[in-house]
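Accompanying notes for the structure given below.
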Amino acid sequence: MQEVHSITRVTAPTSLPFAAAVAAFESMLDEWDVAVEAKLVGEQATWGEVVEYVDKVAGDIGLMRFHKVDQGAITSLSGQSKECALYLVGNPKTANGILDIDIRAALYVPFRVAILAPVAGGEAVLVYDQPSSSLATLDHPRLHAIGEGLDSRMSKLVQAMRASSNR
């Protein structure tokens with residue numbers, strides 16, 4: 088089976104050079120600790136204990152970083168400098184609610200966020216597929232509000248990054 092859907096991609100200028108954009112992004116979103124995850128799973132922690140840890144890591148924006156792929160570092164070894172990095176971003180508490188509605192959403196949460204400088208040494212942009220548009224492909228009305236909430240969190244992150252460039 089094959090389906091065709093439309094996704095909204097957001098490209099948000101940061102007003103920061105690449106390294107500063109990466110630093111700002113990483114300072115605003117804490118990193119999920121896989122050792123803590125392994126401990127929670129190994130000890131069969133209660134959902135309340137998981138939520139407590141998630142809320143601590145998610146901070147004010149309600150999102151966290153799960154993984155980073157520094158694409159630019161390895162591909163720049165080709166001789167052409169590239170400034171780009173890809174992150175998996177999300178929130179396990181939010182993901183749980185989404186996956187309870189439709190397990191196929193595992194394809195969309197956590198979602199991908201790229202930081203890149205279209206011109207090496209130039210201003211970095213944040214690029215991501217709008218979570219609400221990705222979740223809309225599953226055609227579940229209950230996912231609409233959750234997706235809009237994730238969109239709002241990403242907008243808050245972009246605004247915070249732009250504000251950091253004015254300091």
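So the working numbering is basically just the index in the sequence shown, starting at one, shifted up by 87.
Just so you know, even glycine gets a beta-carbon here, dropped at the ideal spot from N, CA and C.
All figures in this text were calculated on a predicted structure; none of them were measured in a lab.
Going by C-alpha distance, which of Gly129, Ala107, Ser252 and Ile148 is nearest Asp117?
Ile148
Unbroken beta strand (DSSP E) run spanning Pro104, endpoints
Arg96 to Pro104
Answer yes or no: do Ala122 and Cys171 have a C-beta to C-beta separation smaller than 8 Å?
no
Taking all protein chains shown into account, decide if Arg191 is buried (16 or more other Cβ within 10 angstroms of its Cβ) or exposed.
exposed
Buried or exposed: which applies to Ala237, given that a residue is buried once 16 or more other Cβ atoms fall within 10 Å of its Cβ?
Correcting the residue type first, residue 237 is Leu in the shown sequence and not Ala. Leu237 comes out buried.
With which residues is Phe198 paired in a DSSP beta bridge?
Val176
So for Leu230, helix, strand or coil by DSSP?
helix
Between the region 195-211 and the region 173-184, can you find at least three pairs of beta-carbon atoms closer than 8 Å?
yes
Beta-carbon contacts of Leu186 that lie in its chain and below 7 Å, excluding the five residues immediately before and after
Ala192 and Ala193
In whole angstroms, give me the CA-to-CA distance for Ala110 and Gly184.
30 Å
What residue range is occupied by the uninterrupted beta strand (DSSP E) comprising Lys155?
Met151 to Val156
Go ahead and pull the three-state DSSP assignment for Asp238.
helix
Determine, using beta carbons only, whether Val97 and Gln246 come nearer to each other than 8 Å.
no
Limits of the unbroken alpha helix (DSSP H) element including Val121
Val121 to Gly129
To the nearest angstrom, how far is it from the Cα of Ala182 to the Cα of Ile188?
10 Å
Would you grab the beta carbon distance between Trp119 and Val138 for me? Rounded to a whole angstrom, and I think it's under 8 Å.
Not confirmed; about 14 Å, so no contact.
Inter-residue Cα distance where the pair is Ala211 and Ser252:
11 Å
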